[in-house]
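>
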Amino acid sequence: MKTALITGASTGIGVVFARQLAQRQMELILVARSRDKLEQLAAELGEQYGVKVTVIVQDLTVAGAGKLVYDTVNQKGINVDLLVNNAGFGDYGAFSEQDLARQLEMIQLNNLVLVELSHYFLRPMLAGAGGAIINVASIAGFQPLPYLSVYAATKAFVLSFSESLWAENKDKGVKILALCPGPTESNFFEVARFPSAFMGKNGRLDSAEVVVQEALTALANKRPNVVAGKLANKIIVNLPRFLPRSWIVSLIEKQFKL
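Residue numbers for the sequence shown follow the working numbering, so the first one is 677 and each next one is one higher.
(1) Nearest to Ala891 by alpha carbon, out of Val812, Val791, Ser794, Phe818?
(2) To which residues does DSSP link Asn938 through a beta bridge?
(3) Report yes if the C-beta distance between Pro859 and Leu835 is below 8 Å; otherwise report no.
(4) To the nearest angstrom, report how far apart Tyr746 and Leu721 are at their CA atoms.
(5) Nearest-angstrom Cα distance between Pro822 and Ile815?
(6) Which class does Asn863 belong to by DSSP, given the choice of helix, strand or coil?
(7) Buried or exposed: where does Gly688 fall if 16 or more other Cβ atoms within 10 Å of its Cβ makes it buried?
(8) Rounded to whole angstroms, what is the Cα-Cα separation between Gln734 and Ala741?
(9) Is the distance from the Cβ of Lys819 to the Cβ of Val903 below 8 Å?
(10) With Phe765 and Leu785 assumed to form a contact (beta carbons below 8 Å), what rounded beta-carbon distance in angstroms separates them?
(11) If we require 3 or more residues per run, which beta strand (DSSP E) segments fall completely within the segment 703–756?
(12) Below 8 Å CB to CB, which residues in the same chain sit around Phe864 once its five sequence neighbours on both sides are set aside?
(13) Kindly list the residues whose CB is nearer than 6 Å to the CB of Met730, restricted to its own chain and excluding five residues on each side of it in sequence; keep chain order.
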């Protein structure tokens with residue numbers, strides 16, 4: 677039986693990945709810092725689908741956390757066939773007014789630990805029977821995003837990094853996918869401290885179930901990326917092909933300013 681490791685597995689898209697992969701009879705390694713949520717999910721999935729679920733409680737905002745997770749997996753003698761780098765967060769506000777430590781923590785979680793885990797787990801995949809990595813980016817990675825400036829930059833990094841890995845490894849038995857959802861049902865907006873008025877102004881959220889289904893289909897089809905969710909997401913990411921970036925960023929600034 678194959679094994680998937682999912683970071684940020686205690687909420688949102690991470691939980692849905694765990695459910696859908698367990699349904700496909702994959703054993704799971706769930707990583708997050710909330711022990712109670714992970715253990716509850718592990719018990720539920722183990723009982724419902726009869727799969728082995730391992731819990732690793734780890735704060736991934738700590739420097740070197742990726743190595744700690746990798747070492748723990750090795751100590752348990754588990755081979756990871758699918759890595760889902762899902763952990764991440766955003767932070768709404770003008771950059772000059774934001775807490776710098778929180779922005780650096782975001783870079784650590786959204787980028788540095790993702791690179792660490794990708795590096796550590798890609799090597800055994802290449803040396804063995806292959807594997808796959810899904811890195812959760814965002815439609816925010818396709819253009820600048822005022823009031824989410826650091827978040828958008830981290831997701832642009834994830835998109836570029838993942839597509840490069842896809843090209844490097846597509847003929848070596850390892851699939852790499854950048855998953856680019858739009859606004860999705862999760863606790864993202866609460867964690868990012870969006871004003872309550874934002875949601876009423878900017879429409880409905882995509883289903884996390886649909887986002888994960890589209891990701892797994894795109895991975896099976898060996899695509900480098902997938903823009904998941906509603907049609908509007910696909911229109912948004914293609915705007916830079918037709919409009920000057922300065923126009924786009926000005927339009928977004930007006931939309932996001934509250």
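Cβ atoms here follow ideal geometry from the backbone N, Cα and C, with glycine treated the same way.
In terms of the structure at hand:
(1) Translated into positions along the sequence shown, residue 891 becomes position 215. For Ala891, the nearest C-alpha among the options comes from Val812.
(2) Nothing about residue 938 can be read from this structure; the chain reaches only from 677 to 934.
(3) Translated into positions along the sequence shown, residue 859 becomes position 183. Translated into positions along the sequence shown, residue 835 becomes position 159. Their beta carbons are not under 8 Å apart, which means Pro859 does not touch Leu835 by this criterion.
(4) Taking the first residue of the sequence shown as 1, we reach residue 746 at position 70. Taking the first residue of the sequence shown as 1, we reach residue 721 at position 45. Distance between the alpha carbons of Tyr746 and Leu721: 23 Å.
(5) In the sequence shown, counting from the first residue as 1, residue 822 sits at position 146. In the sequence shown, counting from the first residue as 1, residue 815 sits at position 139. If you take the alpha carbons of Pro822 and Ile815, they lie about 14 Å apart.
(6) Taking the sequence shown and counting its residues from 1, the one referred to as residue 863 is at position 187. It is coil, neither helix nor strand.
(7) In the sequence shown, counting from the first residue as 1, residue 688 sits at position 12. The residue in question, Gly688, is buried, as its Cβ has 16 or more Cβ neighbours within 10 Å.
(8) For the purposes of this step, residue 734 is taken as residue 58 along the sequence shown, with counting starting at 1. For the purposes of this step, residue 741 is taken as residue 65 along the sequence shown, with counting starting at 1. Cα to Cα, the separation comes out at about 7 Å.
(9) Numbered from its first residue, the sequence shown carries residue 819 at position 143. Numbered from its first residue, the sequence shown carries residue 903 at position 227. The amino acid occupying residue 819 in the given sequence is Gln; Lys does not appear at that position. Cβ atoms of Gln819 and Val903: not closer than 8 Å.
(10) Residue numbering aside, residue 765 sits at position 89 when the sequence shown is read from its first letter. Residue numbering aside, residue 785 sits at position 109 when the sequence shown is read from its first letter. About 7 Å separates the two Cβ atoms, so the contact holds.
(11) 703–708, 729–733
(12) For the purposes of this step, residue 864 is identified with residue 188 of the sequence shown, where counting begins at 1. These residues qualify, in order along the chain: Gly688, Phe765, Gly766.
(13) Working through the sequence shown from its first residue, we reach residue 730 at position 54. It should be noted that the sequence gives Thr, not Met, for residue 730. Contacts found: Ile705.
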